[in-house]
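A quick write-up on the structure given underneath.
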Amino acid sequence: MHPAPSVIIFTTLSGLGFGLLFWLGLGLPPVTGWVAFVFFAIAYALAVGGLLASTFHLGHPERALKAFTQWRTSWLSREAWTSVAALIAMALYGAGLVFFGTQWSVLGWLGAALSLLTVYSTSMIYGQLKTVPRWRTPLTPTLLLAISLAGGALLAGQITAALILLPIAAVLQVLWWVRGDNALRDSGTTMESATGLGHIGRVRAFEPPHTGTNYLLREFVHVVGRKHAIKLRVIALGLGYALPVLLLLLPFGHLIAVLAILAHLAGIAASRWLFFAEAEHVVGLYYGKR
Amino acid sequence: MTQLPERTEKKLGLVIDLDTCVGCHACVVSCKGWNTENYGAPLSDQSPYGADPSGTFLNRVHSYEVQPDQGAAQLIHFPKSCLHCEDAPCVTVCPTGASYKRTEDGIVLVNETDCIGCGLCAWACPYGARELDAAEGVMKKCTLCVDRIYNENLPEEDRLPACVRTCPAGARHFGDLGDPGSEVSQLVAERGGMDLMPEQGTKPVNKYLPPRPKDEMDHIPATAGEIDVLAPLLKPVAEEPKGFIGWLDKALEKL
Amino acid sequence: MSHRQPKIDTSPKVSDEVRKTTCYMCACRCGINVHMKDGKVAYIEGNRDHPVNRGVLCAKGSAGIMQHNAPSRLRAPLKRVGPRGSGEFEEISWNEALQIATDWLAPIRAENPEKLAFFTGRDQSQSFTSYWAQNFGTPNYAAHGGFCSVNMAAAGIYTMGGAFWEFGQPDWDHTKLFMIFGVAEDHDSNPIKMGIGKIKARGAKVIGVNPIRSGYNAVADEWVGITPGTDGLFILSLVHELLRSGSIDLDYLARYTNAPVLVNMDPKSPEYGLLMRDADGKTLVIDRKTGKLTPFDQPGVQPDLAASHRHAGVTHKPVMHLIAERYLDPQYAPEAVAERCGITADKIRIIAAELARVAFDEEIVLEQEWTDFRGETHKVMKGRPVAFHAMRGISAHSNGFQTCRALHMLQILLGSVEVPGGFRFKPPYPKPVSAHPKPHCKVTPGKPLDGPHLGFVQGPDDLALKDDGSPARIDKAFTWDNPMSAHGLMHMVISNAHAGDPYKIDTLFMYMANMAWNSTMNTRGVIDMLTDTDENGDYVIPHIIYSDAYSSEMVAYADLIFPDTTYLERHDCISLLDRPICEADAAADAIRWPVVEPDRDVRGFQSVLCDLGARLNLPGFVNGDGNQKYADYADYITNHERKPGIGPLSGWRMGEDGLTHGRGGPNAAQLDHYIENGGFCVQHIPEAASYYKPWNVAYQEWAVGLGIFDSPQHYIFDLYVEPLRRFQLAAEGHGERQPPDHLRERIRTTLDPLPIWYPPFEDERVNTDDFTVHALTQRPMAMYHSWGSQNVWLRQIHGHNPLYLPTKLWEANGFSDGDWARVTSAHGEITVPVAHMAALNENTVWTWNAIGKRKGAWALDKDAPETTKGFLLNHLIHELLPPKGDGLRWANSDPVTGQAAWFDLRVKIEKADAPSETQPSFAPIKSPVGHGPDHLEWKVGT
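Chains as they are written, first to last, in UniProt numbering: chain Y, 1 to 290; chain A, 1 to 255; chain F, 1 to 942.
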């Protein structure tokens, strides 16, 4: 799949933002007033910023409201609903904290649940796709939720939670990669099943339909060099999970916290780039590519 | 709407004969022409005269080389467009309801005025049947020429998809695959019509007729041991001219 | 929630109007429906009523709209202002352009008309352009047949009075076994696809004989991956097997061919090898009933294939004897040819057996009575349901003529020509060689030529030689070098004109032929010849006039450009006098007409010739008062009569009792009738006349009625081609006109009256241990020559072309995807991208034809893939063979017809570092029309 910057930014930032909102909804940390305002501002900047970034890849963003109509079948539509619901619930809850110094706990829990649901919906946009075997696994929502929760904990200053969640996310990440590397092979979809010609012999793409490129090749066929991928995985693991954990184990300091967050963000961005770039869409088989 | 209809009255679709397709791209261009001028936005082309020309096409002809365990490799031309699946994943993922499957005939369409161009339907399609038009920002796909097949402004014989009407080799057939008595269903039954990527569970309506067995002559031994299997056909009447003239004379007598 | 869906309009208006005309996206001439919206072209589809395509249309045809609006269209007459090849022009008025041309041409005509060389490329109006050239008086006229498929055409006409494509077609409705050899895709493209579709639908079998398994060969049930240039050997081996087993149609051979005709067998006789004739010139046979000598065509005669005859001390044997002697020879046994052909002996025998089985065991019989030319009435029409087709693949070799002859002989021996299930002629064919004109070359200053330029020689007396024996024509057609060059040799014109051999010319006038790029051998050399100057700094070829609709590479090399219209803006006629579009069951002709008017200052080339012809005062183009005779081409089409009652179009002529088809006077409303009828006219052949046409009285009567012939032209097929023997006799020293000594041996060996095979000439001139690989081009189905690259829809399908390598070469050289190779021939070197293809003869490489483009041409970006990754094989092919040390340079052509031997090419392949673009690369030329837009959202209606 084409690693579109807009989608990488969207999923990375909004995942982190909704993760932070989750912890804030639980009252962790228990902040009010200006401090609460800063926390919420960061969470909204990430969540809404991510959502806005995602509209950059739309052909017709001005029709985005239509996306609320198909919640019965479409995870994208569900994501629209849950994200708006989460943002509204958390806005009210945040207003209580910032302006009234009051914690409307039930509203916070609701907002936290909706935030997680938003991350889950986002993850299911990918996790539902049979056409991308690397994504089509319960591990996909599990991983994205774990990353969101861990990143949120990091941002929310929940050091203990972060120290537990980051390693969990790292393990899930590795599991996801290991499974993913064989996912296309294990899916049973091959050039032979794609063409129905396997009964004759080995199938090889000869001439492509057009000598130039096209939307499908641009969108779905992206080949990452194996060495390059391994390097990026090491970077993602190191920056996204290991370094933040190490930094958190050091005596607390704001600079260290900021470093941990930035490292995490960079690592997750690398992981997210790989999430797309390594994902093989089965349509590539028609072009003899994977 | 993105819910699929429980059932459709007809299952209109194409049957593509891989034994006959010569790979001429007639269907590709005829489709491009009709759908540039008709249904929805034109199929645009970027860098049309430039270094990297790339346009929207709703039908493309691939070609594959298949190497049997024994014998010569075969080349198979492989046209591919929307298969109008019964369980069309492209429809259910659509957030706006722009993608839908018609109740009356099962055609999968995009209502372009509702399309936000998110591309998710193309992600969900295993066949690469959908292309986002770079100029218009909406998803384009085969309409099975819904604006031809019922069009009362066309003579009845022309109420066919443009690709079927133009196919010089007659490798494309159009009809109701939900009706077991239809010509297309008969063809599928006789020739072992197949689904593409059946494991994806999309239940494609369009079927492909596999190539007939090829190069059987390479598998007949002209002489099986001592016995000449061609003997009845190539039994020598003469090995040299003189004998031949003698045979000729006798053979002419019999005429 | 229940399913909801929007309501859509399923009956939108399709167009305001449909205008029916003829396609020109390739050479097939299909009927098209042009849908118009707001006066603009909105959509093009096939015309269901049209005899050629029956409604279907190929990719090129459907993309016509993008050709019609291509940014590469020329806009106004151009005068060169920079040096030749720079592409620097200024736009001028038509009046100025025509005045310049007149000023150049009028003195030539007055002093020496041969100083004009007029060659018209992919012209579809040859009967008109040749008429113009004839009136001008130059002997130097031809179209592109000489570098295309003249071998097939000439071999067919000389053997049986017609060949494939425009001359005839397989009996698609009845054949049970179809064997197809190499075919250029634009030669009968839709009809072949339709035919294969019909055959496949019936479950009948297709055998494809081609080094490359693409296109038709990909769908063939059996693929014969033959080594290029060996088709003739393979065919003669089939003949060997069929003769050996007596699997030939003796009755057919005796009745309808010259197999029983007697041949003089006395080596000392000046008539050695000639056919025995009576006083009227009729060939003689022995009648089996009487045992007496008799002309072949007498009522009741049963010609004897076996009996010899001794007369005045000279033994005469029937042709059949010579055939048996020749082809029963073990040199043609499958085992003897297998390795050279790249086909196993077993497979050759299996194919021979299958041909025999289908032809004789699956004979078909149509209940249709008919009467033959000897007066015998046959109750039924018996058919041998085996059909063959071939075109350029076997033609474009230096042994192509004889190979095509071999194929025609094969189908005749099987008795499958003009019978149900076999090969069928299309009117105006069958037409015996004797009914064709002979070439004419007598030049008289200020006067027309003494007759048509092109034709069919019967012997040395008909050669186009001057009194001193030197070639009369600039292309040396109809000379000892290539006596039967029925279509001329367009590929030799520029190099001969440059060399002043046989003489210098003043003006080169060309139409629709991209001679500075893909339509020539030795592209770089030809470019240099076109721009070469003499010691005074003047161009060696002083004037070049060129007409084209588009900004092709050739435009840059002309001094004066006549911009042509697109095919939707012009009048044309697809005439029975020219290259017709008939079907086996019908005569047909067609027109083009301006379905839209040009929006530029351009004119149809033929209309320009009407004007120029009048300015030059050519007899056919002025009235008695000296005024212009034909206002434009439409006027010519309507009013010209080649002879009384016969004009360019045969439909809706003015007969004695009103409108009639066939013979009749001009009808001012004729074109309107064609337009009303969908752009064409079809006249069906009566059922009793539909087969056995050369011998069928009913057919001959019908043809005479239609004006195809003035009298019945019954004839028998020439398995033995006597005119070839006449040239051999000359080479052996007989007769007045004698060949130059250096050609005697070649004429003696290659102009054999019975089909032979010899290795392609290039094989003798290069070290085949070094140049081990055969290199071919194929025309993509979605492209026509260089035209497709200016078409935005088609260039996306074929924007560049790899060189395809077979597995053996791929692995031996360690190639992998994305690699490049250096390809070297005896003549040149190219460096190009490669790709792997397993379904390919193991010693053959190939690429798509004419995809590579010159930077600056066709209104494309200079970095277009056609210029950076596309390439031409032409750089590797020379118009002359490599020197052999005899001080002479021999043409890279067939020795019989002069056909360019494109497919004889041998190369060697080495892996190379990827250059920045394909090599050789050429400097950009300045585009006279700028570049195309950077995006396109084409929609005419709203």
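C-beta: ideal position from N, C-alpha, C; glycine also.
Source: prediction; values computed, not measured.
Residue i, DSSP secondary structure in three states
| i | result |
| --- | --- |
| Phe771 (chain F) | coil |
| residue 944 (chain F) | The question about residue 944 (chain F) has no answer here: the residues shown for chain F are numbered 1 through 942. |
| Ser2 (chain F) | A caution first: Ser2 (chain F) carries a pLDDT of 49, below 50, which makes its placement in the model too unreliable to give a value. |
| Ile561 (chain F) | strand |
| Thr118 (chain Y) | helix |
| Gly170 (chain A) | coil |
| Tyr630 (chain F) | coil |
| Ala689 (chain F) | helix |
| Asp218 (chain A) | helix |
| Leu612 (chain F) | helix |
Residue i: contacting residues in chain Y (beta-carbon distance under 9 angstroms)
| i | result |
| --- | --- |
| Trp123 (chain A) | Met1, Ile125, Tyr126, Leu129, Thr131, Val132, Glu219, Phe220, His281 |
| Met194 (chain A) | Gly196 |
| Lys80 (chain A) | Pro209, Tyr286 |
| Ile16 (chain A) | What Ile16 (chain A) touches in chain Y: nothing, since even the nearest Cβ is about 11 angstroms away. |
Cross-chain neighbours of residue i in chain F, by beta carbon under 7 angstroms
| i | result |
| --- | --- |
| Asn153 (chain A) | Ser11, Lys13, Val14 |
Selection from the options that minimises the alpha carbon distance to residue i
| i | options | result |
| --- | --- | --- |
| Leu250 (chain Y) | Y:Trp34, Y:Thr160, Y:Thr213, Y:Ile168 | Y:Thr160 |
| Gly679 (chain F) | F:Cys28, F:Asp49, F:Ser15 | F:Asp49 |
| Ser93 (chain F) | F:Asp9, F:Arg603, F:Tyr511 | F:Arg603 |
| Ala838 (chain F) | A:Thr113, A:Val91, A:Ala72 | A:Ala72 |
| Val98 (chain Y) | Y:Gly49, Y:Ser83, Y:Phe39 | Y:Phe39 |
| Val285 (chain F) | F:Phe164, F:Gly156, F:Ala307 | F:Ala307 |
| Trp123 (chain A) | Y:Phe276, Y:Lys289, Y:Gly288 | Y:Phe276 |
| Gly188 (chain Y) | Y:Tyr120, Y:Val282, Y:Ala162 | Y:Val282 |
| Ala242 (chain Y) | Y:Arg179, Y:Ile164, Y:Leu21 | Y:Ile164 |
| His264 (chain Y) | Y:Ala64, Y:Gly59, Y:Ser148, Y:Thr142 | Y:Ser148 |
| Gln796 (chain F) | Y:Glu207, Y:Thr69, Y:Leu237, Y:Val234 | Y:Glu207 |
Under 8 angstroms from the C-beta of residue i: neighbouring residues of chain F
| i | result |
| --- | --- |
| residue 256 (chain A) | With chain A covering only 1 through 255, there is no way to say anything about residue 256 (chain A). |
| Ile76 (chain A) | Ala218 |
| Arg165 (chain A) | Glu45, Gly46, Gly55, Val56 |
Contacts that residue i makes with chain Y (C-beta to C-beta distance below 8 angstroms)
| i | result |
| --- | --- |
| Ile797 (chain F) | Pro209, His210, Thr211 |
| His785 (chain F) | By Cβ distance, chain Y contributes nothing, its closest Cβ being about 18 angstroms from His785 (chain F), past 8 angstroms. |
Within chain A, partners of residue i - CB distance below 8 angstroms
| i | result |
| --- | --- |
| residue 339 (chain Y) | Missing from the structure shown is residue 339 (chain Y); chain Y here goes from 1 to 290 and no further. |
Residues that residue i contacts on chain Y, provided the C-beta gap is smaller than 7 angstroms
| i | result |
| --- | --- |
| Met781 (chain F) | The contacting residues do not exist; Met781 (chain F) stays about 12 angstroms from chain Y at best. |
| Leu132 (chain A) | Gly59, Tyr215 |
| Asp69 (chain A) | Gly201 |
Cβ distance (whole Å) where residue i is taken to contact residue j below 8 angstroms
| i | j | result |
| --- | --- | --- |
| Ala27 (chain F) | Asn791 (chain F) | Actually they do not touch by this definition, with Cβ atoms about 16 angstroms apart. |
| residue 956 (chain F) | Phe423 (chain F) | One cannot answer for residue 956 (chain F) here, as it falls past the ends of chain F, which runs 1 to 942. |
| Ser650 (chain F) | Gly662 (chain F) | 6 angstroms |
| Lys115 (chain F) | Thr507 (chain F) | 7 angstroms |
Neighbouring residues, chain A, relative to residue i (Cβ below 9 angstroms)
| i | result |
| --- | --- |
| Ala85 (chain Y) | Result: empty, since nearest Cβ-Cβ is about 16 angstroms, beyond 9 angstroms. |
Interface partners of residue i on chain F, CB under 9 angstroms
| i | result |
| --- | --- |
| Tyr49 (chain A) | Ala70, Pro71, Ser72, Gln790, Val792, Arg795, Trp858, Ala859, Leu860, Asp861, Ala864, His931, Gly932, Pro933, Asp934, Leu936 |
Which residues of the region 189–218 of chain Y have a Cβ closer than 9 angstroms to any Cβ of chain F? Give them in chain order.
Arg204, Phe206, Glu207, Pro209, His210, Thr211, Gly212, Asn214
Using a Cβ cut-off of 9 angstroms, which residues of the region 235–261 of chain F contact any Cβ in chain A, in chain order?
Glu241, Leu242, Leu243, Arg244, Ser245, Gly246, Ser247, Leu250, Asp251, Ala254
Taking only beta carbons into account, state which residues of the region 828–844 of chain F come closer than 9 angstroms to chain Y, listed in chain order.
Ala835, His836, Met837, Ala838, Ala839
Members of the region 865–883 of chain F near chain Y, C-beta cut-off 8 angstroms
Pro865
Below 7 angstroms between beta carbons is the criterion; list the residues of the region 792–817 of chain F that meet it against any residue of chain Y, in chain order.
Contact annotation: in the region 792–817 of chain F, residues whose CB is within less than 7 angstroms of a CB in chain Y are Gln796, Ile797, His798, Gly799, His800.
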